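Trainee: In the working numbering, the protein residues as written are 42 to 93.
So this is what it looks like as structure tokens:
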């Protein structure tokens, strides 16, 4: 029987490692602008959270 994984601990620094993988290792972003938008959102969140 598979058991659910333990909850992740909240980072003391507020920094986390982001990793993604598509189902069956398929590409997640099919268009370059989708990937660019994702990076933009990650960069924005990083900047916003550093202000705290």
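All C-beta atoms in this analysis are idealised placements derived from N, C-alpha and C, irrespective of residue type, glycine included. This one's a predicted model, so the numbers in the text were calculated from it and none came from an experiment.
Judging by CA-CA distance, which residue of 45, 56, 70 is the nearest neighbour of residue 62?
Mentor: Stepping through the chain shown from its first residue, residue 62 is reached at position 21. The candidate whose alpha carbon is nearest that of residue 62 is 70.
Trainee: With residue 67 as the anchor, note down where its alpha helix (DSSP H) starts and where it stops.
Mentor: For the purposes of this step, residue 67 is taken as the residue at position 26 of the chain shown. That residue, residue 67, is in no alpha helix (DSSP H); it is neither H nor E in DSSP.
Trainee: Just to confirm, is the Cβ distance from residue 90 to residue 55 under 8 Å?
Mentor: One-based indexing of the chain shown puts residue 90 at position 49. One-based indexing of the chain shown puts residue 55 at position 14. Result yes, Cβ atoms of residue 90 and residue 55 sit closer than 8 Å.
Trainee: In whole angstroms, what separates the C-alpha of residue 82 from that of residue 75?
Mentor: Residue 82 sits at position 41 when you count from the first residue of the chain shown. Residue 75 sits at position 34 when you count from the first residue of the chain shown. Distance between the alpha carbons of residue 82 and residue 75 is about 11 Å.
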